[in-house]
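Sequential numbering of the sequence shown, starting at 30, is according to my numbering.
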Amino acid sequence: MNHDELDRMLRVLTEKELKYKSNPVISERYKKMEIINCEGHDAYLFDDNDMNMGENITPRKHTRFVEVPMHVHTYIELSYVYSGEFTEVIKDKTVKLKEGQISIIDTGIPHSILPTTENDIIINILMSKEYFSTAFLSRLSSKGIISEFLINAISDKRDHDNYIIFNSENNKKIPIYIRELLCEYFDKSLCSNEIIDCFMVLIFSELLRVFQYDSSHSNSKSLNNAPVIEILNYLEKNYMTCTLISTAKHFNFHPNYLSNLIKKTTNRSFSEIILLQKLTRASILLENTEVPIYGIANEIGYNNLNFFYKKFKEYFGVTPKEFRDNSISKSIQKFK
30 MNHDELDRML RVLTEKELKY KSNPVISERY KKMEIINCEG HDAYLFDDND
80 MNMGENITPR KHTRFVEVPM HVHTYIELSY VYSGEFTEVI KDKTVKLKEG
130 QISIIDTGIP HSILPTTEND IIINILMSKE YFSTAFLSRL SSKGIISEFL
180 INAISDKRDH DNYIIFNSEN NKKIPIYIRE LLCEYFDKSL CSNEIIDCFM
230 VLIFSELLRV FQYDSSHSNS KSLNNAPVIE ILNYLEKNYM TCTLISTAKH
280 FNFHPNYLSN LIKKTTNRSF SEIILLQKLT RASILLENTE VPIYGIANEI
330 GYNNLNFFYK KFKEYFGVTP KEFRDNSISK SIQKFK
């Protein structure tokens, strides 16, 4: 399937859409669904049965012409405006997305979608909680504290609104990646699942760039993270030599102010941020080099091997040796 064939397929009205176009009433399916109260809203429960059996990621075209009433789901949903626009009500906030923009809504967040027109083509990518995990996120190219901070804004690791809107309408790569992913999904062949995973990594890498740009250029409260973005970028580059005092001096902040700012916006202390970056560097060396573990520990500034092992296992859940062995095993499996 090529992009032109995909476009024709997406624009053709399905049987359901033909029905709703002439009679846009809410689907009968909702009469059989469970209703729960979530954050003060009565909402239908969309569960993992919406996803195709055995899949951790299920892309599908949103059904046009009919309203989707207030609901929550047990999976994470990425919605991409392929063509036109659409309006959704998330909690009590009305959000209008135009072509090229993306929303990601976490599990358990009440939201509804207003009726769309024939030109409004929305792609929903349903992701299981297991798929949207550390294992997937760790594949993003920019591994480190800046990525973790941005990823936390679109995952459920910290307290936040549990949804995010990406102003990605001017991004040139995301439409291509999503089209390629859909072509691969709707016309599966050898290694399709692996290729789809790769496109998901590319899509999220671009979304991180979009989020970083918005954070650096927005004056709104929800995205006013510009100082933190700059600070984390600085720490990623200078984590082996910088201290709280030297970093504060670099940004013309009082050390106490800098410490509080980092803690408030990342939920980690300055020392935890530095430790995280060192451990991330260690994980990269374990995956891609044959440097002995004690050599890696020394390279990131730890002469006490027991301390390094303890901290590494606390963060990654396995010892450095187990981490390296798992990486080797996965590499071997790829060639079988």
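We treat Cβ as the ideally placed atom computed from N, Cα and C, and that holds for glycine.
Quick caveat: nothing in here was measured; it's all calculated off a predicted structure.
Query: Span separating the alpha-carbon of E44 from that of E34; Result: 19 Å
Query: Cα-Cα separation, R40 to I154; Result: 18 Å
Query: Reduced DSSP secondary structure (H/G/I, E/B, other) of D149; Result: coil
Query: Those residues which DSSP pairs with D71 across a bridge; Result: N66
Query: Among M99, E198, S275 and D36, the one whose alpha carbon lies nearest that of T123; Result: M99
Query: Cβ-Cβ distance between I138 and V110 below 8 Å; Result: no
Query: Cβ pair count under 8 Å reaching 3, the stretch 125-136 against the stretch 196-211; Result: yes
Query: Alpha-carbon to alpha-carbon, E46 and E301; Result: 52 Å
Query: For F215 and M30, believed in contact at Cβ under 8 Å, the rounded distance; Result: 6 Å
Query: 6 Å CB neighbourhood of F75 in its chain, flanking five on each side removed; Result: H100 and H102
Query: For Y268, three-class secondary structure by DSSP; Result: coil
Query: Beta carbon of E106 nearer than 8 Å to that of I134; Result: yes
Query: Nearest-angstrom Cα separation, counted from Y268 out to N335; Result: 21 Å
Query: Extent of the continuous beta strand (DSSP E) to which P144 belongs; Result: It is not in any beta strand (DSSP E) - P144 carries neither H nor E in the DSSP assignment.
Query: Beta-carbon gap between I224 and Y206 smaller than 8 Å; Result: no
Query: R89 beta carbon less than 8 Å from that of T145; Result: no
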